[in-house]
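Visitor: Residues 2 to 227 (my numbering) make up the sequence shown, in order.
What follows is a single structure, and I will ask about it in a moment.
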Amino acid sequence: MIKVMIVEDDPMVSDINKQFLLKVGNFNVCGITGNIEEAKVLALEKRPRLVLLDIFLPGGSGLEFLKWLRMEDIECDVILITADKSCEALQQSLRYGAVDYLIKPFTFERFKEALLKYKKRIEKVSNAFELQQDTIDKYILNSNSTHQEKQEGELIKGLNRNTYEQIWDYIKESSAEEFTAEEVADGLGMARVTVRRYLEYMTKEHKLFLEMEYGKVGRPSHIYKL
Numbered sequence: 002m003i004k005v006m007i008v009e010d011d012p013m014v015s016d017i018n019k020q021f022l023l024k025v026g027n028f029n030v031c032g033i034t035g036n037i038e039e040a041k042v043l044a045l046e047k048r049p050r051l052v053l054l055d056i057f058l059p060g061g062s063g064l065e066f067l068k069w070l071r072m073e074d075i076e077c078d079v080i081l082i083t084a085d086k087s088c089e090a091l092q093q094s095l096r097y098g099a100v101d102y103l104i105k106p107f108t109f110e111r112f113k114e115a116l117l118k119y120k121k122r123i124e125k126v127s128n129a130f131e132l133q134q135d136t137i138d139k140y141i142l143n144s145n146s147t148h149q150e151k152q153e154g155e156l157i158k159g160l161n162r163n164t165y166e167q168i169w170d171y172i173k174e175s176s177a178e179e180f181t182a183e184e185v186a187d188g189l190g191m192a193r194v195t196v197r198r199y200l201e202y203m204t205k206e207h208k209l210f211l212e213m214e215y216g217k218v219g220r221p222s223h224i225y226k227l
């Protein structure tokens, strides 16, 4: 479980953040506060792995708290969740090592994406005995790499962009947290073997996670998750 501290002065928003964290799973809230000084005490006491941080706070700016975390050499990552849309705030948060920046109001899908990408990044580094360049590229550049932008619109031979987008849109709009190729194929009226190829490709892109579910007999089921 990843220990998370929430620094947010609006009780309703902090509760939403907490419920969203529990819904994503594998994250544990170790403290909630809406005050900068209390946040400092909690950070030193609880040593969270991740902080969900607002900028507009009583007693100071969340960016000043982020700067304080770095000065105190507290080993934690920070995701900004704020109504501040200024370029200055974004640039400053990145300078101090924020891993993501969500603007209020945000959707659960965007929140979930931020948390899952973060979890995947730390797992890649934690489980790697010796880093390779492609692992570093995925960790640092993530989905915004120049190489990936250059390749946007290009798929491997045999895959069609329109079909890809149709399947991806269906998955994003679905309320299911997990699904099989058969379920997606039936929902779209496509051949199952076709859908499976696209889901395998999306898994290689790290857009989907694949889990094998083993029964007592027969082949294991392929379960896909966002």
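We treat Cβ as the ideally placed atom computed from N, Cα and C, and that holds for glycine.
Within a Cβ cutoff of 7 Å, which residues of the same chain sit near residue 62, ignoring the five residues on either side of it in sequence?
Guide: Your numbering for residue 62 matches position 61 in the sequence shown. Around residue 62: 56.
Visitor: Just verifying my parser: in three-state terms, what is the DSSP assignment at residue 107?
Guide: Translated into positions along the sequence shown, residue 107 becomes position 106. Looking at residue 107 - three-state DSSP - the assignment turns out to be coil, as it is neither helix nor strand.
Visitor: For residue 93, count the other beta carbons within 10 Å of its own beta carbon; 16 or more makes it buried, fewer makes it exposed. Which is it?
Guide: Your numbering for residue 93 matches position 92 in the sequence shown. Under this definition residue 93 is a buried residue.
Visitor: Does the count of Cβ pairs from the region 81 to 90 and the region 30 to 46 closer than 8 Å reach three?
Guide: Result no; under three Cβ-Cβ pairs closer than 8 Å.
Visitor: With a floor of 3 residues, list each beta strand (DSSP E) that falls wholly inside the region 8 to 73, ordered by position along the chain.
Guide: Correct list: 28 to 34 and 51 to 54.
Visitor: Give the DSSP-derived three-state secondary structure of residue 225 in the structure shown.
Guide: For the purposes of this step, residue 225 is taken as residue 224 along the sequence shown, with counting starting at 1. Strand, per DSSP.
Visitor: Quick check: the region 68 to 77 against the region 103 to 118, are there 3 or more CB pairs under 8 Å?
Guide: Cβ pair count under 8 Å is below three, so no.
Visitor: Does the separation of the CB atoms of residue 53 and residue 123 fall below 8 Å?
Guide: As a working mapping, residue 53 is identified with position 52 in the sequence shown. As a working mapping, residue 123 is identified with position 122 in the sequence shown. Going by C-beta atoms, residue 53 is not nearer than 8 Å to residue 123.
Visitor: Per DSSP, what kind of secondary structure is residue 100 in: helix, strand or coil?
Guide: Position 99 of the sequence shown, counted from the first residue, corresponds to residue 100. It is coil, neither helix nor strand.
Visitor: Quick check on the burial criterion: 16 or more other C-beta atoms within 10 angstroms. Buried or exposed for residue 177?
Guide: For the purposes of this step, residue 177 is identified with residue 176 of the sequence shown, where counting begins at 1. Exposed, because fewer than 16 other Cβ atoms sit within 10 Å of the Cβ of residue 177.
Visitor: Which of the three DSSP states is assigned to residue 172 in this structure?
Guide: One-based indexing of the sequence shown puts residue 172 at position 171. Looking at residue 172 - three-state DSSP - the assignment turns out to be helix.
Visitor: Between the C-alpha atoms of residue 115 and residue 16, what's the straight-line distance to the nearest angstrom?
Guide: The residue given as residue 115 occupies position 114 in the sequence shown. The residue given as residue 16 occupies position 15 in the sequence shown. Roughly 18 Å separates the two Cα atoms.
Visitor: If I measure Cβ to Cβ from residue 64 and keep anything under 8 Å in the same chain, skipping five residues before and after, which residues do I get?
Guide: Position 63 of the sequence shown holds residue 64. Closer than 8 Å at Cβ, skipping near neighbours: 56, 90, 93, 94 and 97.
Visitor: If residue 25 sits next to residue 117, beta carbons under 8 Å apart, how far is it from one beta carbon to the other, in whole angstroms?
Guide: Here residue 25 refers to the residue found at position 24 when the sequence shown is read from its first residue. Here residue 117 refers to the residue found at position 116 when the sequence shown is read from its first residue. Rounded, the Cβ-Cβ distance is 7 Å, consistent with contact.
Visitor: Closest by CA to residue 161, which one among 23, 209, 133 and 198?
Guide: Counting from one through the sequence shown, the residue named residue 161 turns up at place 160. Nearest C-alpha to residue 161: 198.
Visitor: Here's the rule: buried if 16 or more other CB atoms are within 10 angstroms of the residue's CB, otherwise exposed. What is residue 187?
Guide: For the purposes of this step, residue 187 is taken as the residue at position 186 of the sequence shown. Exposed.
Visitor: So, is residue 101 buried or exposed, given that buried needs 16 or more other C-beta atoms within 10 angstroms?
Guide: The residue labelled residue 101 in the question sits at position 100 within the sequence shown. Flag for residue 101 reads buried.
Visitor: By Cβ distance, which residues of its chain are closer than 6 Å to residue 189, with the 5 residues on each side in sequence left out?
Guide: Along the sequence shown, one-based indexing puts residue 189 at 188. Answer for residue 189: 171, listed in chain order.
Visitor: So, is residue 182 buried or exposed, given that buried needs 16 or more other C-beta atoms within 10 angstroms?
Guide: One-based indexing of the sequence shown puts residue 182 at position 181. Buried: at least 16 other Cβ atoms inside 10 Å.
Visitor: Hey, quick one: how far does the beta strand (DSSP E) through residue 81 stretch, first residue to last?
Guide: Numbered from its first residue, the sequence shown carries residue 81 at position 80. Residues 78 to 83.
Visitor: Would you tell me roughly how many angstroms separate the C-alpha atoms of residue 71 and residue 23, rounded to the nearest one?
Guide: On the sequence shown, position 70 is the one that residue 71 refers to. On the sequence shown, position 22 is the one that residue 23 refers to. Their Cα atoms are separated by approximately 27 Å.
Visitor: Using the beta-carbon count (16 or more within 10 Å), is residue 215 buried or exposed?
Guide: The sequence position of residue 215 within the sequence shown is 214, counting from 1. When all chains shown are included, residue 215 counts as exposed.
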